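Everything in the sequence shown is counted per numbering that gives the first Met the number 0, starting at 0 for the first residue and increasing by one. Notes follow the structure.
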Amino acid sequence: MTDDTNKNGLMELFKNFQFPDWIKNNVITALGKGIHGIIVEASDIPKMKLRNYKERIILIGEIKRDFIRTAAKHPIKQIENDSELANRALESYGIRIVEEQINKETVAERALEYLKTIPMPEKDNEKNLSPDWLTSFWNLAASKSEDEIQEILSKILANEIVNPGSLSLHTLQTLSILDGKVGNLFVRLCNLSIDDGETAYVIHPNVFAFQNIGIINEYGITFNDLLYLDGANLIRSAETIKLNFAKSENLKEGEFEYEIVDYASRKAKIDVSGKQLNLIYFTQAGKELRRLIEMKPNDSYTERLKTILGDNFQIIE
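Here's what the structure looks like:
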């Protein structure tokens with residue numbers, strides 16, 4: 000990055016936001032933990048800056064010299080006697096740490112942008128960011144260069160700054176095995192999903208008789224896709240769970256017992272009483288990540304839901 004980054008990068012984004020003091024403290028804690036060199040003095044925000052790449056290359060040179068001195072003391076001594084091996088090792092090491100830094104700074108900048116869209120809590124949040132959580136997060140962010148995953152990570156960091164403890168370490172571990180392909184599959188499944196506040200699930204419309212599986216290819220998800228998502232620990236199983244929902248004895252004919260749910264980022268009301276449904280449940284990690292994804296209901300699937308549930312399902316807004 001050039002010196003212009005100091006004017007237009009993280010420092011300017013941060014200084015121009017009207018954050019409450021506790022949000023600023025959480026931002027300083029989060030960035031200070033993950034991106035060494037961005038914050039010079041945590042107590043003085045205007046002095047925060049980005050190191051440019053000239054400074055970083057000097058740092059890499061110092062690391063190389065330390066690496067050579069340490070390697071020369073190794074009992075094997077091979078690296079001391081093979082200059083080509085040493086050069087290859089050092090070049091690989093230098094490239095890796097620069098790429099990791101780029102990944103982390105990209106996520107940090109996006110997170111600050113995303114903070115502008117998050118409603119601030121009315122009361123100050125007394126929770127502190129977990130050092131262990133931040134360590135795991137930045138280790139993960141350093142290894143992810145795909146745009147889709149960086150976008151998710153930026154939202155995770157922004158949400159954690161505002162609501163510490165909102166995403167578990169277990170979910171971070173799940174993210175470590177995700178790539179762009181699985182991420183895109185997960186978005187497509189989320190576009191069919193419902194979150195009732197306790198669980199997140201998809202109502203499977205095409206389950207084969209006497210089986211717990213079926214085809215939903217027409218909605219952009221194959222059975223193999225479900226297996227991928229199962230393997231990534233985002234859904235509990237590629238197979239469905241059949242549930243019979245009891246009907247309230249107090250309801251008269253034509254009356255409903257609606258609950259308000261989130262249907263692919265749309266507010267909806269649903270009454271499943273008296274219904275037998277096959278559900279694909281999200282794991283806890285899948286549910287937490289679903290909340291960070293921009294969803295859009297699949298129109299064909301929505302019409303199918305209306306056919307299955309009739310007046311028991313209505314989109315409100």
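We put the CB at the ideal spot given by N, CA and C, even for glycine. What you are looking at is a predicted structure, and each value in this text was computed from that prediction instead of being measured.
C-beta atoms of Ala263 and Asn190 nearer than 8 Å: yes
Whether Leu228 touches Val181 by CB criterion (8 Å): yes
Since Ala208 contacts Phe222 with CB under 8 Å, what's their CB separation in whole angstroms? That pair is no contact at about 16 Å.
Closer than 7 Å by C-beta to Thr105: which residues in its own chain qualify, once you throw out the five before and the five after it? Chain order, please. Gln149
Taking the beta carbon of Ser167 as the centre, do at least 16 other beta carbons fall within 10 Å, making it buried, or is it exposed? exposed
Nearest to Glu293 (by Cα), restricted to the options Gln17, Arg265, Ile214 and Trp137: Arg265
If I'm right that Asn25 touches Ile160 with Cβ under 8 Å, what's the distance once you round it to whole angstroms? 4 Å
Quick one: complete beta strand (DSSP E) runs, 3+ long, within the region 195-248? 199-202 and 240-243
Our contact map puts Lys154 next to Leu30 with C-beta atoms below 8 Å; I'd like the distance itself, whole angstroms only. Not quite, the Cβ-Cβ distance comes to about 16 Å (not below 8 Å), so this is no contact.
Cβ of Thr282 within 8 Å of Cβ of Asn232? yes
Taking the C-alpha atoms as reference points, what is the distance between Arg235 and Leu139? 23 Å
Is the CB-CB distance between Tyr200 and Ile96 below 8 Å? no
Once you ignore the five residues that flank Gln313 on each side, which residues in its own chain have a CB closer than 6 Å to its CB? Lys268
Could you say which of Leu133, Lys246, Ser144 and Asp224 lies nearest to Gln100 if we only look at CA atoms? Ser144
If you check the beta carbons only, do Val260 and Ile215 fall under 8 Å apart? no
Are the Cβ atoms of Asn183 and Glu147 separated by less than 8 Å? yes
What are the complete alpha helix (DSSP H) segments, minimum 4 residues, inside the region 83-142? 130-141
Among Thr239, Leu171 and Ala141, which residue has its Cα nearest to the Cα of Glu98? Ala141
If you draw a straight line from the C-alpha of Trp137 to the C-alpha of Gly309, how long is it? 47 Å
Can you tell which of Thr170, Ile307 and Asn102 has the C-alpha that lies nearest to the C-alpha of Asn277? Ile307
Buried versus exposed call for Asn158 [16 or more other C-beta atoms within 10 Å across all chains shown]: buried
Rounded C-alpha distance that separates Asp298 from Asp20: 43 Å
Please name the residue, chosen from Asn311, Gly219 and Leu288, that lies closest to Tyr300 on a Cα-to-Cα basis. Gly219
Do Thr170 and Glu287 count as a contact pair if the criterion is CB distance below 8 Å? yes
Over the uninterrupted beta strand (DSSP E) stretch that includes Arg265, give me the two end residues. Arg265 to Ile269
Thinking just about the alpha-carbon of each residue, which of Ile240, Tyr257 and Lys23 is nearest to the one in Gly213? Ile240
Contact set for Asp195: own chain, Cβ-Cβ below 7 Å, skip 5 residues either direction: Glu258 and Val260
Compute the Euclidean distance between the alpha carbons of Lys46 and Ile176, then round it to the nearest angstrom. Because the pLDDT of Lys46 is 34, which lies under 50, any placement of that residue in the model is unreliable, and the number read from its coordinates should be weighed accordingly. Near 37 Å, if we compare the C-alpha coordinates of Ile176 and Lys46.
Neighbour-count burial assignment, Ile151, 16 or more Cβ in a 10 Å radius: buried
Quick check on Asn190: does DSSP put it in helix, strand or coil? coil
Give the range of the alpha helix (DSSP H) segment to which Tyr300 is assigned. Asp298 to Leu308
Could you tell me the distance, in whole angstroms, from the CA atom of Gly164 to the CA atom of Arg109? 20 Å
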